[in-house]
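Visitor: Residue numbers (the working numbering), protein chains in the order written: chain V, 217 to 565; chain S, 217 to 565; chain D, 217 to 565. The beta carbon of each residue, even a glycine, is placed where N, CA and C say it ideally should be.
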Amino acid sequence: MFVRDAWYTAAWGDEVSENPLGRRICNEPIVFFRDQRGKVAALEDRCCHRGLPLHLGTVVEQGLQCGYHGLVYDRTGRCVYIPAQDQIPERAKVRSYSVQERDQLVWVWIGDPSKADETKPPDFAYHNDTANWPHKHAVLHINANYVLLLDNLMDATHVGYVHSKTIGGDPLAFVRAKEKLTRNPNGLTLTSWLLDSTPPPTYVKAVGFEGKIDRWLERQYIAPGSVLLWTGAVNAGMGAYENNRREGGFSLRMFNGLTPETETTSFYFWSAANGYQQNEPQATEQLFAEVESTFAEDKSVIEAQQKRLTEFGDAGRVDITTDRTQLAMRRIIERMLAGSAAGVTLDVA
Amino acid sequence: MFVRDAWYTAAWGDEVSENPLGRRICNEPIVFFRDQRGKVAALEDRCCHRGLPLHLGTVVEQGLQCGYHGLVYDRTGRCVYIPAQDQIPERAKVRSYSVQERDQLVWVWIGDPSKADETKPPDFAYHNDTANWPHKHAVLHINANYVLLLDNLMDATHVGYVHSKTIGGDPLAFVRAKEKLTRNPNGLTLTSWLLDSTPPPTYVKAVGFEGKIDRWLERQYIAPGSVLLWTGAVNAGMGAYENNRREGGFSLRMFNGLTPETETTSFYFWSAANGYQQNEPQATEQLFAEVESTFAEDKSVIEAQQKRLTEFGDAGRVDITTDRTQLAMRRIIERMLAGSAAGVTLDVA
Amino acid sequence: MFVRDAWYTAAWGDEVSENPLGRRICNEPIVFFRDQRGKVAALEDRCCHRGLPLHLGTVVEQGLQCGYHGLVYDRTGRCVYIPAQDQIPERAKVRSYSVQERDQLVWVWIGDPSKADETKPPDFAYHNDTANWPHKHAVLHINANYVLLLDNLMDATHVGYVHSKTIGGDPLAFVRAKEKLTRNPNGLTLTSWLLDSTPPPTYVKAVGFEGKIDRWLERQYIAPGSVLLWTGAVNAGMGAYENNRREGGFSLRMFNGLTPETETTSFYFWSAANGYQQNEPQATEQLFAEVESTFAEDKSVIEAQQKRLTEFGDAGRVDITTDRTQLAMRRIIERMLAGSAAGVTLDVA
C-alpha cells in the first residue's frame with residue numbers, strides 16, 4: 217500500500233533523454249522520456265495493443281512510438297498513430313502521469329492527476345547553485361521498503377554502530393545529542409547537536425580537524441519520501457550552537473529522495489554538495505565517495521532488516537526511547553495513507 | 217492450459233542419443249533417448265521408485281536404467297528389472313509418450329496416445345534435400361508463451377519496427393503488403409507480397425540486389441505449433457507476382473517449431489535453408505547467422521511482452537486491423553483447446 | 217514439519233567464534249557466537265527492536281550487541297542494554313536455544329528447552345583421537361530435505377550406480393551384501409558385508425589391494441539426523457567376517473550430521489577419519505578429497521530427486537525390497553514427529 221497522491225522523485229534529469237527510461241514506481245511500470253521539444257513525459261509502460269513495454273520504443277515527432285508495431289502515443293497517453301489504419305479507436309490509450317522537472321530532478325505524481333496541481337515537489341535550489349554547493353549525484357536500488365530507508369535517515373543513533381569506520385565516532389555522542397523536533401505543514405524538522413565531540417574519520421580527512429568539534433545534523437523530512445539534510449561541524453567552543461555560527465568548518469548538504477518501487481524495493485536518489493571546499497573538484501569527488509561507502513553500509517543493514525520483516529512482520533517488536541522521530545514520521549505517512557492530507561497538526565513536538 | 221492431443225516438435229534428431237535428454241513439454245518432464253536399436257523413445261522423466269529424473273540414467277540393452285538404484289524401463293515405460301528382486305510389481309512403471317522421428321525432427325504426442333495414430337506431424341522434406349536446400353538448425357529457449365512466438369511469426373508488420381537494422385527495410389512496405397489468407401484443414405496459409413520495395417540489408421548482403429525488389433513471404437501455419445516459411449525476392453518488374461515466377465533471386469525456407477515448455481516458457485526449433493547459393497556452404501552459414509541475430513531481436517521483444525502479460529493479462533488491450541491473421545490463428549488454438557479437432561471451417565477468408 | 221525436540225548438528229566448533237554465525241535450522245534463523253568466556257551461545261537471529269539479524273552484530277562483554285542501534289542481549293536472550301535508556305522493557309528479549317559443544321561439534325536443541333537436558337547429542341570421540349583417527353571435516357549445503365540424504369547414507373545399493381567411478385565397484389555386490397539390521401534405543405545399526413568382492417578404485421588407490429577383498433560398512437543411525445559410519449576392507453579369505461578380524465587393511469570412520477535448514481534444503485556436516493595410515497597427513501588429505509568427490513555425485517542425484525518430489529510428491533511411487541532399512545528409519549522419524557520418543561520398540565529386525 218502506497219501513498220499515491222504525492223510527488224515522488226522519479227529520476228535525475230540527466231537520466232531522462234530521447235532514449236526512454238522504464239522505471240517501476242509504487243509498483244506501476246512507467247516509461248519516462250524527453251520529447252522532441254525537450255519536455256519530460258511519463259506514460260504507462262505497456263502498449264495497449266500487444267503489451268510491449270514502451271521503454272523499448274522510440275521518441276518521434278508526435279510522442280513515443282512502440283517498438284513492436286509502431287503505434288504512437290502523445291504525452292497525454294492518447295494513441296495518435298496506428299500503421300495501416302485511419303480510424304484510431306477511443307480505447308487506444310495508456311495512462312499518463314503528471315511530471316515536473318526542477319532542480320535537476322524529475323518528479324512524478326502517481327495518484328489522481330487532478331490533485332497534482334494543488335501541491336508541488338520540494339525545492340532544492342542548491343542543486344543549481346554550483347558556485348556555493350558543487351555536488352555530485354547518484355541513484356541506488358535498495359531491496360527494502362522505502363520507509364526503512366527513511367527511518368535510517370531520520371535516526372542519528374545508528375551512526376555510531378553502523379558507520380563506526382566512516383562517520384561514526386563515539387556511539388554515545390549521538391545518543392546524547394541535543395535534539396529538537398519541530399512540526400512542519402508537510403513533515404518534520406529534526407536538529408541534532410553533538411557538542412564537544414570527537415570528529416569522525418571522514419571529517420578529519422576532509423578538513424583536518426585536530427581537536428573536538430561541535431557537530432550538527434539538520435534534517436527536514438517532507439512527506440512522503442524526501443529528506444533534505446544539512447550537516448557539518450566547526451571547532452568546539454566557538455559558540456556554534458549558542459550563536460548558530462556554522463562558518464569555517466566542514467559542511468555538506470544532501471538531497472535524499474526515497475521512492476517505492478515495490479513493497480520491498482526502492483530507489484534512493486541522493487546528492488552530496490560540498491559546502492567547504494567549493495573550488496576544489498577533488499574535494500567534491502572525495503565527499504561523494506565517502507558518502508557512497510557510508511550508504512553501502514546502510515544498504516546492507518536495511519536489506520537484512522527487510523528480509524526479517526518480510527518473514528516475521530512486526531511480531532514481538534519493541535520500540536525504544538530514541539525512536540521518537542521515526543514514530544512521528546511514520547504517523548504522518550499513516551495519515552496520508554488513511555487519506556488525510558499531509559500537514560495536519562502533529563502531536564510530535 | 218495446453219492443446220494436448222497434438223504433435224509437438226520435441227527435439228532435433230541429432231539432440232537425441234544414448235545420452236538421455238531431459239526436456240519439459242506442456243509442463244511435463246520427459247526423457248528422450250535413443251535405444252540400442254537406434255529408435256527414439258520418450259518416457260516420464262521420473263523414476264517410480266525414488267523419483268530420480270531418468271535423464272540422469274543410462275541406456276542399456278532392455279531400455280533405460282535409472283541412475284540411482286538401477287531399475288530398468290522398456291520403451292513402453294514398464295519396469296523390467298529391479299536389482300535384488302525377482303518379482304516386479306504391476307505398479308512399477310512410468311508414462312510413455314508416442315514419438316516420431318522424421319525430416320531430422322523428433323515429434324512427441326502429449327495427450328491421449330490412442331489418438332496419436334489418427335494424425336501425423338507436419339512434413340518438411342526440405343530438411344532431407346541437402347542438394348537444393350542445404351540448411352543449418354538450432355533450438356532457442358524463450359521466456360514467453362509459445363503463442364506469442366506464433367503471433368510474431370505470422371505477423372509481418374512488426375518486421376519494419378523490430379528488425380529495422382536487419383531484414384526490416386521500410387516499415388510501411390509491410391503494412392501495405394498484398395496479403396492473401398487461406399484456410400487449410402489444419403491451419404492457415406498467409407502469403408504477403410511487397411512489390412517494388414527496397415531490399416533490406418540482409419538481402420543485399422546475400423545476393424547483391426542493386427534496385428527495387430518484389431518480395432514475398434509465404435507462411436503455412438499448422439496447428440498448434442508449426443510454421444513453414446518460404447520467403448525471398450527477385451528484381452522488381454519481372455512479373456514475379458503476376459506470373460508466380462520466383463527464380464533467380466534470393467530465397468530461403470524455414471522450419472519453425474514452437475513448443476510450450478510451461479505457460480510462460482517455450483522451445484523454438486528452427487532451421488534456415490539456403491535456396492539461392494546451394495553450393496556455397498559459407499552462404500548457408502551466413503544465412504543462419506543473419507536469421508539468428510534477427511531472432512535475438514524478436515526474443516527480447518517477446519520476453520518483455522510476456523512480463524507485462526504475466527502481470528496485467530489482457531486488461532485494456534485493443535486489437536488493430538493488421539491483427540487479422542493472428543486472431544484467426546488464435547481462434548484455431550482456442551477451438552483445439554475446447555476439444556474440437558483442428559481443420560474445422562474457419563471464418564477467416 | 218520437523219522433529220523439534222532433538223539435538224541437531226549446528227556447526228563445527230571452529231565455525232563459531234566472536235564473529236557471529238547466522239544459520240537457519242528447522243526454518244528458524246539462529247545466530248551462534250562464542251562469548252568472551254569462550255562458551256558457545258545461540259539466539260534468535262532477529263533483534264526485537266528493528267529486526268536486524270543479530271549475526272551482523274558484535275560480541276561484547278555482556279553478550280551480543282546488535283549492529284543497528286546497539287542493544288545488547290545476554291546468552292539467555294534477555295536484553296541487558298539499550299543506549300540512552302535506563303529502563304529495559306520486559307518484552308525486550310529474543311529466544312535462546314540450548315547448545316552443547318563436544319567432539320568438535322556444536323549441537324542445538326530446537327524445541328522445548330526444558331526437554332533438552334533429558335537427552336544428549338551423539339558421542340563421536342574419534343574426533344578427539346587424532347593419533348588413531350586423524351580427520352578432516354567440512355559442511356555442505358544441499359538443496360534437498362535432510363531425510364533424502366539419510367536415505368542415501370543408509371542405503372548401500374545406490375553405491376554401484378551413483379559412484380561407479382569412485383567407490384562403486386560391482387553394483388550387484390552391494391545388492392547381494394550380507395546385511396544385519398538391529399534396533400537401538402535411539403535408532404538403528406546396519407552392518408553390510410561384501411565378501412570376496414572387487415576393490416573399488418578408491419580403495420586400491422589408498423592401500424593397493426591386489427586381489428579380492430572382504431568389505432564392510434557399519435552405519436549407526438541416531439535419530440533424527442546423525443549417521444556414524446565405519447567402513448573398510450581386508451584381503452578376502454582371512455576370516456574377517458567369520459572372526460570379526462578387521463585389522464591390516466583399509467578402514468575409515470565418518471561422522472555424518474544431517475540438519476534441516478528448510479523443508480527443501482539442508483546442511484550436511486561430515487568428517488572423514490583415516491584409520492589406515494595415521495602418520496601420513498597426505499593420506500588423510502587424499503581420503504578427504506576422495507570422499508568429497510563422492511559426495512558431489514550424491515548431491516547432484518539428491519537435488520534432482522528433490523525437484524521431482526517438490527513437484528509431484530509421492531504420487532505413483534513404489535518401494536522395492538532393498539528399501540527395508542530406509543523404511544525403518546523413516547518410521548522412527550515419523551514416530552518422533554508424532555510426538556513419541558525415539559527408541560520405542562521397532563518392528564524392523
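1. Which residues share a DSSP beta bridge with V:Gln316?
2. Tell me the start and end of each unbroken alpha helix (DSSP H) in the region 405-446 of chain D that is at least 4 residues and wholly inside, in chain order.
3. Quick one: Cα of V:Ser467 to Cα of V:Val423, how far?
4. Tell me, to the nearest whole angstrom, how far the beta carbon of S:His343 is from that of S:Phe471; I am working on the premise that it is less than 8 Å.
5. Excluding sequence positions up to five away, which residues of its chain have a Cβ less than 7 Å from the Cβ of S:Glu477?
6. Any chance the region 307-324 of chain D sits against the region 253-272 of chain D, with 3 or more Cβ pairs inside 8 Å?
7. Residues bridged to V:Met470 by DSSP?
8. Counting only runs that start and end within the region 501-545 of chain S, where is the beta strand (DSSP E) found for 3 or more residues in a row?
9. Answer with buried or exposed for V:Gln521, where buried requires no fewer than 16 other C-beta atoms within 10 angstroms of its C-beta.
10. Taking contact to mean at least 3 C-beta pairs separated by less than 8 Å, is the region 274-282 of chain S in contact with the region 527-537 of chain D?
11. Would the region 316-323 of chain D count as touching the region 288-300 of chain D if we require 3 or more Cβ pairs under 8 Å?
12. Is the beta carbon of D:Trp228 within less than 7 Å of some heavy atom of the ligand GTP?
13. Does D:Cys264 have its Cβ less than 8 Å from a Cβ in chain V?
14. Determine the burial state of V:His351: buried for a count of at least 16 other Cβ atoms within 10 Å of its Cβ, exposed for fewer.
15. DSSP on S:Gln498, reduced to helix/strand/coil?
16. DSSP on D:Thr382, reduced to helix/strand/coil?
17. Taking 8 Å as the threshold (beta carbon to beta carbon), is D:His374 in contact with chain S?
18. In terms of residue numbering, what span does the beta strand (DSSP E) encompassing V:Leu237 cover?
19. Taking CB distances under 8 Å as the criterion, tell me whether S:Arg220 reaches chain D.
20. At which residues does the alpha helix (DSSP H) containing S:His390 begin and terminate?
21. Under a CB-based cut-off of 8 Å, is D:Pro416 close to chain S?
22. To which residues of the same chain is S:Asn368 closer than 7 Å at the C-beta, ignoring the five residues directly before and after it?
23. Evaluate the contact criterion for the region 544-554 of chain V versus the region 455-463 of chain S: three or more CB pairs, one atom per stretch, below 8 Å.
24. Exposed or buried, what is V:Asn495 when buried is set at 16 or more other beta-carbons lying within 10 Å of its beta-carbon?
25. Taking only beta-carbon atoms, is S:Val301 less than 8 Å away from chain D?
26. Rounded to a whole number of angstroms, what is the C-alpha to C-alpha distance between S:Asn235 and S:Trp228?
27. Please list the partners that D:Ile298 has in chain V, where partner means a Cβ-to-Cβ separation under 7 Å.
28. Listed from N- to C-terminal order along the chain, which residues in the region 264-288 of chain S have their beta-carbon within a distance smaller than 7 Å of any beta-carbon of chain D?
29. Taking the continuous beta strand (DSSP E) assigned at V:Glu395, which residues delimit it?
30. Are the beta-carbon atoms of V:Asp430 and V:Asp328 separated by less than 8 Å?
31. What residues in the region 299-330 of chain D bring their beta carbon closer than 7 Å to a beta carbon of chain V?
32. Just to make sure I have the definition right: I need the residues of chain S whose C-beta is within less than 7 Å of the C-beta of D:Leu388. Which are they?
33. Count the other CB atoms, across all protein chains shown, that sit within 10 Å of the CB of V:Gly427; report buried if there are 16 or more and exposed otherwise.
34. Closer than 7 Å, Cβ to any Cβ of chain S: which residues of the region 446-475 of chain D, in chain order?
35. If you draw a straight line from the alpha carbon of V:Met217 to that of V:Gly555, how long is it in whole angstroms?
36. Who are the Cβ neighbours of V:Ala393 in its own chain at under 7 Å, not counting the five residues just before and after it?
Guide: Inspection of the coordinates gives the following:
1. V:Trp323
2. 417-423
3. 10 Å
4. 7 Å
5. Arg240, Ile241 and Phe483
6. yes
7. V:Leu445 and V:Ala488
8. none
9. buried
10. no
11. no
12. For the ligand GTP, the structure offers nothing, since it holds no ligand at all.
13. yes
14. buried
15. helix
16. helix
17. yes
18. Leu237 to Ile241
19. no
20. According to the sequence displayed, residue 390 of chain S carries Phe and not His. Per DSSP, S:Phe390 belongs to the alpha helix (DSSP H) from Pro387 to Val391.
21. no
22. His374, Asp514 and Ile518
23. no
24. exposed
25. Reading off the sequence shown, one finds Gln at residue 301 of chain S, where the question assumed Val. Chain D, which has a Cβ nearer than 8 Å to the Cβ of S:Gln301, makes this yes.
26. 14 Å
27. Ile536
28. Cys264, His265, Arg266, Gly267, Leu268, Pro269, Leu272, Gly283, Tyr284, His285 and Gly286
29. Lys394 to Asn400
30. no
31. Pro299, Ala300, Gln301, Pro305, Arg307 and Ala308
32. Pro299
33. exposed
34. none
35. 12 Å
36. Ala372, Ser408, Trp409 and Leu410
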